[in-house]
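Accompanying notes for the structure given below.
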Amino acid sequence: MKFLTLFALIALLPTTASAQSLQTLIPGIIGFIDTVLIPFLLGLTFLIFVYSAVKYFVIEGDNEKGQEKAKSLALYGVLAFVFVIIFFGLVKIVTLTTGLESTKPVCPDYLKEKGECKSPPPIPGKKPPVPDGFVN
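Just so we're aligned, residue 0 is where the sequence shown starts under numbering that gives the first Met the number 0, counting upward by one.
Put into structure tokens, the structure is as follows:
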């Protein structure tokens, strides 16, 4: 409980110092999960599966107990892979339903007031929206 309280205080500290708002904190966390954490976990589960396959066929090829351990490790690797993909799907569902998808940078209030916010560069692979009345 102490860890959770300390983590919440540290996470919200920039918000209390007016250095960052929750509008940028939550999409930042979701963006980190989406772009860094999930690919890392997918790679890790793949490496666990490959290690268990090598262990099953090469290292423990003549040992029955070793093959059983390698088989169970491969099963755990596949299950972890499935759970990571399910977690990735849940993160995508939450981001799309709540509108927290971080496709454009957030312009701070002090820059909006000065009129210094530029429109974000186009996202590769996506066409910019066509205004009504124009034909593409």
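Glycine included, C-beta positions come from ideal geometry on N, C-alpha and C.
Status (buried if at least 16 other CB within 10 Å, exposed otherwise) for G88: exposed
Residue of V90, T4 and L110 minimising C-alpha distance to I25: V90
Residue nearest to F56 in terms of C-alpha spacing, selected from I47, A69, L46 and T44: Closest in alpha carbon position to F56, among I47, A69, L46 and T44, is A69.
Local Cβ density within 10 Å of T96, reported as buried at 16 or more and exposed below that: exposed
Straight-line gap, K64 to A79 (C-alpha atoms, nearest Å): Going from the Cα of K64 to the Cα of A79 covers about 23 Å.
Test item: CB-CB of V83 and L40 under 7 Å: yes
Between the CA atoms of P107 and Y50 - distance to the nearest angstrom: 47 Å
Residue span of the alpha helix (DSSP H) that contains E63, given as start and end: E63 to T97
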